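Q: Just so you know, the sequences run in chain order A and B. For the first sequence, this note's numbering assigns the number 1 to the initial residue and increments by one for each residue that follows. For the second sequence, this note's numbering assigns the number 137 to the initial residue and increments by one for each residue that follows. By construction, the Cβ of each residue, glycine as well, lies at the ideal position given by its N, Cα and C atoms. What you are looking at is a predicted structure, and each value in this text was computed from that prediction instead of being measured. Sharing a structure, written as structure tokens. Questions coming.
2 protein chains.
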Amino acid sequence: MTTMANETWLDEVRWDDRGLVPAIAQDVASGKVLMVAWMNRESLALTAKNGEAVYWSRSRGRLWRKGEESGHVQKVREIRLDCDADVVLLRVEQIGGIACHTGRERCFFRKLEGNRWTETDPVLKSPQAIYGDDKE
Amino acid sequence: MTTMANETWLDEVRWDDRGLVPAIAQDVASGKVLMVAWMNRESLALTAKNGEAVYWSRSRGRLWRKGEESGHVQKVREIRLDCDADVVLLRVEQIGGIACHTGRERCFFRKLEGNRWTETDPVLKSPQAIYGDDKE
Numbered sequence: 001m002t003t004m005a006n007e008t009w010l011d012e013v014r015w016d017d018r019g020l021v022p023a024i025a026q027d028v029a030s031g032k033v034l035m036v037a038w039m040n041r042e043s044l045a046l047t048a049k050n051g052e053a054v055y056w057s058r059s060r061g062r063l064w065r066k067g068e069e070s071g072h073v074q075k076v077r078e079i080r081l082d083c084d085a086d087v088v089l090l091r092v093e094q095i096g097g098i099a100c101h102t103g104r105e106r107c108f109f110r111k112l113e114g115n116r117w118t119e120t121d122p123v124l125k126s127p128q129a130i131y132g133d134d135k136e
Numbered sequence: 137m138t139t140m141a142n143e144t145w146l147d148e149v150r151w152d153d154r155g156l157v158p159a160i161a162q163d164v165a166s167g168k169v170l171m172v173a174w175m176n177r178e179s180l181a182l183t184a185k186n187g188e189a190v191y192w193s194r195s196r197g198r199l200w201r202k203g204e205e206s207g208h209v210q211k212v213r214e215i216r217l218d219c220d221a222d223v224v225l226l227r228v229e230q231i232g233g234i235a236c237h238t239g240r241e242r243c244f245f246r247k248l249e250g251n252r253w254t255e256t257d258p259v260l261k262s263p264q265a266i267y268g269d270d271k272e
């Protein structure tokens, strides 16, 4: 692949054998970890360029502009890379206050209590109200 | 594999084809995302049982008790699971205030500025001072 001079930062990311890295989205105001999704080179480039999170949907095999169906866009305030260059961290403003396709604020709504995963976060909006009959 | 009645919570995790899931460690006080490592079933079970983070080192092919060489143990205050049950979130107290093997507070010490990854966090203790001649 030819690389433009201004794309060397994308070459520094250690894409896995599928060309992907995990990306963590963290709420910039609350500090809560909202979700983890995957990015390929194009999705990271678009995210940086436009300031809105774009992931790679492994199930659909295509770019996934977060919020494209739900309206729950993520405005990206900061992009970070870890020491091994194989995980990306986005600090985002979560539009609508809902990151999870279940209609909750965040995907990490289950907490281990003793030997049980307990749901700690309420559904703020039903998936049907968000997506109609589809889910994101 | 036989499962004890009190281990059904481990069955609910969607281990990948290598038997692993990514685990995010987040500082419980500052909210900063410190690092991402891998866990297998045994490491998650030990983490929950003992309240200190144990990961699976892919490079060494063995359990990795975080801090076993560095002393930078992670006291686990909360364990969370995401909606797809394939990512774990640990909220931890980071002993020594250093999570990264480079001697920095966190592994996400690089930030995208324009077209460049810029280091934003100082080295608090040199790797040599932490590990002697080895690195964790």
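Just to confirm before moving on: does the CB-CB distance between Leu90 (chain A) and Ala53 (chain A) stay below 7 Å?
A: Walking along the first sequence from the start, residue 90 (chain A) turns up at place 90. Walking along the first sequence from the start, residue 53 (chain A) turns up at place 53. In contact: Leu90 (chain A) and Ala53 (chain A) (Cβ atoms closer than 7 Å).
Q: Since Ile215 (chain B) is in the beta strand (DSSP E), which residue starts that stretch and which ends it?
A: Within the second sequence, numbered from 1, the residue matching residue 215 (chain B) stands at position 79. Unbroken beta strand (DSSP E) run through Ile215 (chain B): 210-217.
Q: How far does the beta strand (DSSP E) with Pro22 (chain A) in it extend, from its first residue to its last?
A: Counted from its first residue, the first sequence places residue 22 (chain A) at position 22. Its beta strand (DSSP E) spans residues 20-27.
Q: Does chain B have any CB closer than 7 Å to the CB of Gly71 (chain A)?
A: As a first step, residue 71 (chain A) is located in the first sequence; it is residue number 71 there, counting from the start. No, its Cβ sits nowhere closer than 7 Å to a Cβ of chain B.
Q: Short of 7 Å in beta carbon distance, which residues of its chain neighbour Ser43 (chain A), apart from the five on each side in sequence? Order them along the chain.
A: The count along the first sequence starts at 1 and reaches residue 43 (chain A) at position 43. Cβ within range, chain order: Val54, Tyr55, Trp56, Leu63.
Q: Does the beta-carbon of Ala159 (chain B) have 16 or more other beta-carbons within 10 angstroms, so that it is buried, or is it exposed?
A: Here residue 159 (chain B) is taken as the residue at index 23 of the second sequence, counted from 1. By the 10 Å Cβ count, Ala159 (chain B) comes out buried.
Q: Please go through the stretch 192-272 of chain B and give each complete alpha helix (DSSP H) segment of 4 or more residues, from N-terminal end onward.
A: Counting only runs of 4 or more, we get 263-267.
Q: In terms of residues, what are the limits of the alpha helix (DSSP H) holding Trp151 (chain B)?
A: For the purposes of this step, residue 151 (chain B) is taken as the residue at position 15 of the second sequence. It is not in any alpha helix (DSSP H) - Trp151 (chain B) carries neither H nor E in the DSSP assignment.
Q: If I follow the unbroken beta strand (DSSP E) through Ala37 (chain A), where does it start and stop?
A: Here residue 37 (chain A) refers to the residue found at position 37 when the first sequence is read from its first residue. 33-40 is the extent of the beta strand (DSSP E) around Ala37 (chain A).
Q: Would you list the one or two residues that DSSP bridges to Glu188 (chain B)?
A: In the second sequence, residue 188 (chain B) corresponds to position 52, counting from 1. According to DSSP, Glu188 (chain B) bridges with B:Lys211.
Q: Would you mind stating whether Leu260 (chain B) and Ile234 (chain B) have Cβ atoms separated by less than 7 Å?
A: In the second sequence, residue 260 (chain B) corresponds to position 124, counting from 1. In the second sequence, residue 234 (chain B) corresponds to position 98, counting from 1. Yes, Cβ-Cβ distance for Leu260 (chain B) and Ile234 (chain B) is below 7 Å.
Q: Looking only at its chain, what residues have a beta carbon closer than 6 Å to the beta carbon of Met35 (chain A), apart from the 5 residues adjacent to it on each side?
A: The count along the first sequence starts at 1 and reaches residue 35 (chain A) at position 35. The residues are Ala25, Ala99, Cys107.
Q: Taking 7 Å as the CB-CB limit, is Lys116 (chain B) close to chain A?
A: Chain B is shown only over 137 to 272; residue 116 (chain B) falls outside these bounds and no answer can be derived.
Q: Find the residues of chain A that neighbour Met171 (chain B), judging by a C-beta separation of less than 9 Å, and give them in chain order.
A: Start at 1 with the first residue of the second sequence, and residue 171 (chain B) comes out as number 35. By Cβ distance, chain A contributes Asp82, Cys83, Val87.
Q: Alpha carbon to alpha carbon, what distance is there between Glu105 (chain A) and Gln128 (chain A)?
A: As a first step, residue 128 (chain A) is located in the first sequence; it is residue number 128 there, counting from the start. As a first step, residue 105 (chain A) is located in the first sequence; it is residue number 105 there, counting from the start. Rounded to whole angstroms, Gln128 (chain A) to Glu105 (chain A) spans 16 Å at the Cα level.
Q: Would you mind sorting Lys185 (chain B) into buried or exposed? The rule is 16 or more other CB atoms within 10 Å of its CB.
A: The residue labelled residue 185 (chain B) in the question sits at position 49 within the second sequence. Exposed, because fewer than 16 other Cβ atoms sit within 10 Å of the Cβ of Lys185 (chain B).
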